[in-house]
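J.:
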Amino acid sequence: MAAGKPGPDAAVDQNYDIAVIGGGINGAGIARDAALRGLRVILLEKNDFGGGTTSYSSRLIHGGLRYLEYGELPLVFESLHERRRLRHVAPHLVKRLQLIIPVFSDSRRGKFIIRLGMIAYDILSIGKKIPRHRMLSKDEISKEAPGLRQDGLKGGAAYFDAQITFAERLVLENIIAANEAGAEVRNYSPVIGINVAEGKVRGLQFVDVASGRETEIRARVIINASGPWVDRVLATVNREMPTFMGGTKGSHIIVGEFPGAPAAAFYVEAHKDGRPFFIIPWNGQYLIGTTDIRCEGDPGDVVASPDEIEYLLSETNRVFPSAKLSSTDIHYAYAGVRPLPKREKGPESAITRKHIILKHRKLARGLISIIGGKLTTYRNLAEQAVNKAARQIDSESGPCRTRKEPLPGSIELEEATESLKTNSELSSQCVERLLSIYGSRSAGIANMAKLGEPGGFVDEAETALAAEVIHAIRCEFAKTLIDIIHRRMMVGLLPDQGRVMAKEISRIAAGELDWDKVETKQQFARLEEYNARLRPVIDNQT
Ligand SMILES: Cc1cc2nc3c(=O)[nH]c(=O)nc-3n(C[C@H](O)[C@H](O)[C@H](O)COP(=O)(O)OP(=O)(O)OC[C@H]3O[C@@H](n4cnc5c(N)ncnc54)[C@H](O)[C@@H]3O)c2cc1C
């Protein structure tokens with residue numbers, strides 16, 4: 000990565016109350032919560048914010064109906080509660096989603112079991128604004144989804160949950176809010192050592208990738224929120240630490256509209272192993288997943304395997320027979336590692352999805368590791384983690400403010416929406432796109448475009464503004480072409496992975512970040528490599 004212009008993260012202090020390791024959803028949420036309480040916070044992320052597991056989820060903000068089978072009622076209750084809060088603090092990102100569960104004569108879970116689950120889900124959702132479930136007859140479900148397999152179809156159930164199209168943006172909004180509240184946030188800053196002396200945590204070392212410079216800081220509490228990398232980060236402590244993680248890999252495929260595709264999301268049981276998986280309308284495409292396979296090795300290296308892809312394709316074709324999907328229909332596929340606690344025995348799906356906030360009291364007082372944690376429950380996890388950290392610091396910190404305080408993109412959202420729709424010369428398609436990514440912050444970007452800083456679009460359809468590139472770099476900590484395309488403007492999640500716009504985006508970024516020809520070429524090559532990793536198998540067969 001080339002050295003960029005100094006951004007908002009340029010200065011490093013030496014003393015912090017809390018150092019957070021990892022800029023995924025949990026680290027970002029923790030940094031925001033702690034900074035809003037008035038604590039001195041630094042967050043260090045080895046790559047880009049939101050580039051880990053958080054980018055590779057099913058993108059649901061949900062109670063987790065499946066967890067009822069394992070008796071995880073408190074987790075479902077907590078998740079449903081948090082779903083309501085997230086719809087309130089980030090309404091531009093978190094939207095209501097209808098899901099349908101079909102029941103066939105050969106389903107392992109019959110209509111009675113599904114109904115029981117639905118009733119329990121409704122009871123645990125009590126007080127929430129989302130409508131209750133409906134049981135569906137064969138005719139009713141066929142009307143909802145005419146492409147559904149008719150052979151053995153007995154009916155089903157419809158219920159509501161929520162979806163976050165761009166989980167990456169939820170991370171970023173937390174990062175921006177943390178920074179606005181005084182936290183120092185640094186991407187491309189891997190932590191390479193944690194110092195413990197006399198059983199107490201003292202500080203850490205990290206590297207600034209752009210300059211290669213190593214920096215040492217002191218921190219009273221260190222929160223290891225590195226997701227599936229938790230054990231790897233613990234291995235950098237200057238004393239031996241136990242291991243905790245037992246991640247499982249989950250893959251998704253992304254395809255376009257297919258013959259018989261449903262308008263609602265479907266939650267269906269795989270014939271092969273009885274595991275439920277999702278077929279979800281998402282970002283103008285369909286997101287299909289996931290798998291659940293124990294995995295070892297660097298979580299950053301996982302890709303969707305040929306077997307997983309074949310499993311997801313054939314199970315989808317089974318439920319929607321006219322789909323006839325094959326690997327050539329796949330736009331891209333992604334895989335991530337769930338940061339779960341180590342459980343060597345039993346099925347992967349039975350491993351708890353509850354989070355554990357682990358204080359390393361005996362070996363390294365002041366060090367806290369986060370094991371597990373869903374996207375849905377990140378806010379609550381952050382609140383609990385900062386409560387623990389604040390007690391450790393024994394300082395006068397304020398109360399948690401994240402329960403009601405809106406994230407940056409939802410502040411004055413209605414006014415910004417109204418103003419963009421009535422006052423700007425942008426097409427309604429462009430306005431919708433901007434709002435779904437930046438929320439009320441779109442108004443500032445549209446203004447930059449209006450002032451010509453820079454003006455114009457990066458696509459022929461005139462939906463993506465050139466000003467977004469500058470905004471990503473100046474206001475959202477983007478440092479590479481991949482950051483801008485995949486985690487700021489979100490065009491990397493389009494069917495062509497943003498290829499058509501990449502050239503123009505890189506031209507604007509090069510001007511802003513002083514990339515010369517060689518650097519621009521390297522940025523492009525890395526983007527191509529990144530995109531190719533998301534098309535394993537697929538490109539080999541076409
Ligand atoms: C297939 C799949 C589907 C899922 N679906 C859902 C869903 O629909 N809904 C839901 O609620 N949850 C879902 N989850 C769970 C959820 O996505 C994760 O639990 C959550 O994103 C974990 O976030 P995190 O911040 O803990 O980890 P991550 O997002 O992985 O963040 C950890 C960060 O730490 C950084 N890091 C690592 N080492 C270092 C270091 N040395 N120095 C600095 N930084 C470091 C990494 O680069 C990474 O960015 C799913 C998970 C998977 C895998």
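So for the sequence shown, numbering that gives the first Met the number 0 puts the first residue at 0; every next one is plus one.
For each residue, glycine too, the CB sits at the ideal point set by N, CA and C.
Keep in mind that this is a model prediction, so the values were computed, not measured.
Roughly how many angstroms lie between the CA atoms of P258 and L74, to the nearest whole one?
T.: In the sequence shown, counting from the first residue as 1, residue 258 sits at position 259. In the sequence shown, counting from the first residue as 1, residue 74 sits at position 75. Those two C-alpha atoms are separated by around 37 Å.
J.: Is E44 near ligand 1 - that is, is its Cβ less than 7 Å away from at least one heavy atom of it?
T.: Position 45 of the sequence shown, counted from the start, is the residue given in the question as residue 44. At least one heavy atom of ligand 1 is nearer than 7 Å to the Cβ of E44, so yes.
J.: Using the three-state DSSP reduction, which class does W228 fall into: helix, strand or coil?
T.: Numbered from its first residue, the sequence shown carries residue 228 at position 229. Looking at W228 - three-state DSSP - the assignment turns out to be helix.
J.: Given this structure, state the Cα-to-Cα distance separating A2 from I17, to the nearest angstrom.
T.: Numbered from 1 along the sequence shown, position 3 holds the residue referred to as residue 2. Numbered from 1 along the sequence shown, position 18 holds the residue referred to as residue 17. Residue placement at A2 cannot be trusted, given a pLDDT of 34 that sits under 50; what the coordinates show is reported in the next sentence. If I take the Cα positions, the gap works out to 27 Å.
J.: Does the beta-carbon of N14 have 16 or more other beta-carbons within 10 angstroms, so that it is buried, or is it exposed?
T.: By 1-based counting over the sequence shown, the position of residue 14 is 15. By the neighbour-count rule (16 or more Cβ atoms within 10 Å), N14 is not buried but exposed.
J.: Give me the Cα-Cα distance between K557 and N386, rounded to the nearest whole angstrom.
T.: Given that the chain is displayed from residue 0 to residue 541, the structure contains no residue 557 and the question cannot be resolved.
J.: Taking the alpha carbon of L38 as the reference point, which residue from R83, G28, G181 has its own alpha carbon closest?
T.: As a first step, residue 38 must be located in the sequence shown, where it is residue number 39. Considering only alpha carbons, the answer is G181.
J.: For the pair the stretch 352 to 368 and the stretch 214 to 230, tell me if three or more CB-CB distances fall below 8 Å.
T.: yes
J.: Answer with buried or exposed for F111, where buried requires no fewer than 16 other C-beta atoms within 10 angstroms of its C-beta.
T.: Within the sequence shown, residue 111 is the residue found at index 112, counting from 1. Burial call: exposed.
J.: Here's the rule I'm using: 16 or more other beta-carbon atoms within 10 Å means buried, otherwise exposed. How should S439 be labelled?
T.: Within the sequence shown, residue 439 is the residue found at index 440, counting from 1. Per the 10 Å Cβ criterion, buried.
J.: For the 8 Å Cβ check, are there 3 or more pairs between the stretch 161 to 178 and the stretch 81 to 97?
T.: yes
J.: Mark I41 as exposed unless 16 or more other C-beta atoms lie within 10 angstroms of its C-beta, in which case mark it buried.
T.: Counting from one through the sequence shown, the residue named residue 41 turns up at place 42. I41 comes out buried.
J.: Can you give me the Cβ contacts of H359 inside the same chain, cut-off strictly under 6 Å, excluding the 5 residues immediately before and after it?
T.: Working through the sequence shown from its first residue, we reach residue 359 at position 360. These residues qualify, in order along the chain: L366.
J.: At a threshold of 7 Å, does H61 count as lining ligand 1 (C-beta to nearest heavy atom)?
T.: Here residue 61 refers to the residue found at position 62 when the sequence shown is read from its first residue. It does: the Cβ of H61 is within 7 Å (strictly closer) of some heavy atom of ligand 1.
J.: Is any heavy atom in ligand 1 found nearer than 7 Å to the beta carbon of W614?
T.: Not covered by the structure: residue 614. The range shown for the chain is 0 to 541.
J.: For a minimum of 4 consecutive residues, which ranges assigned as the alpha helix (DSSP H) are wholly contained in the stretch 186 to 243?
T.: Whole alpha helix (DSSP H) segments, 4+ residues: 229 to 233.
J.: Which value, in whole angstroms, describes the spacing of the CA atoms of H470 and D230?
T.: The count along the sequence shown starts at 1 and reaches residue 470 at position 471. The count along the sequence shown starts at 1 and reaches residue 230 at position 231. Their backbone Cα atoms lie some 35 Å apart in a straight line.
J.: Answer yes if the stretch 316 to 335 comes into contact with the stretch 154 to 169, meaning at least three C-beta pairs across the two stretches below 8 Å, and no otherwise.
T.: no
J.: Assign N544 to one of three DSSP states: helix, strand, or coil.
T.: Residue 544 is absent from the model: the chain starts at 0 and stops at 541.
J.: Taking the CB atoms as reference points, tell me whether I481 and Y529 lie closer together than 8 Å.
T.: To locate residue 481, count along the sequence shown from 1; it is residue 482. To locate residue 529, count along the sequence shown from 1; it is residue 530. Yes. Within cutoff.
J.: Taking the alpha carbon of Q496 as the reference point, which residue from R534, E475, L464, I20 has its own alpha carbon closest?
T.: Along the sequence shown, read from residue 1 onward, the residue named residue 496 stands at position 497. If we check each option's Cα against that of Q496, R534 comes out closest.
J.: With DSSP collapsed to three states, give me the class of F319.
T.: Counting from one through the sequence shown, the residue named residue 319 turns up at place 320. The answer is coil: DSSP assigns F319 none of H, G, I, E or B.
J.: Taking only runs that begin and end inside the stretch 110 to 171, name each unbroken beta strand (DSSP E) of 3 or more residues, in chain order.
T.: Fully enclosed beta strand (DSSP E) runs of 3 or longer: 133 to 135, 152 to 163.
J.: Keeping to the same chain, check which residues put their C-beta closer than 7 Å to that of Q522; ignore five residues upstream and five downstream.
T.: Against the sequence shown, residue 522 aligns to sequence position 523. Same-chain partners within the cutoff: T479, L480, S505, W514.
J.: Measure the alpha-carbon distance for E404 versus A234 and round it to whole angstroms.
T.: Here residue 404 refers to the residue found at position 405 of the sequence shown. Here residue 234 refers to the residue found at position 235 of the sequence shown. Straight-line spacing of the CA atoms in E404 and A234 works out to 36 Å.
J.: Run through DSSP, which three-state label would I469 get?
T.: As a position in the sequence shown, residue 469 is number 470, starting the count at 1. DSSP places I469 in helix when its eight states are reduced to three.
J.: For the candidate residues V499, L434, S57, whose alpha-carbon lies nearest to that of G288?
T.: Locating residue 288 in the sequence shown gives position 289, where the first residue counts as 1. Residue S57 holds the alpha-carbon nearest to the alpha-carbon of G288 among V499, L434, S57.
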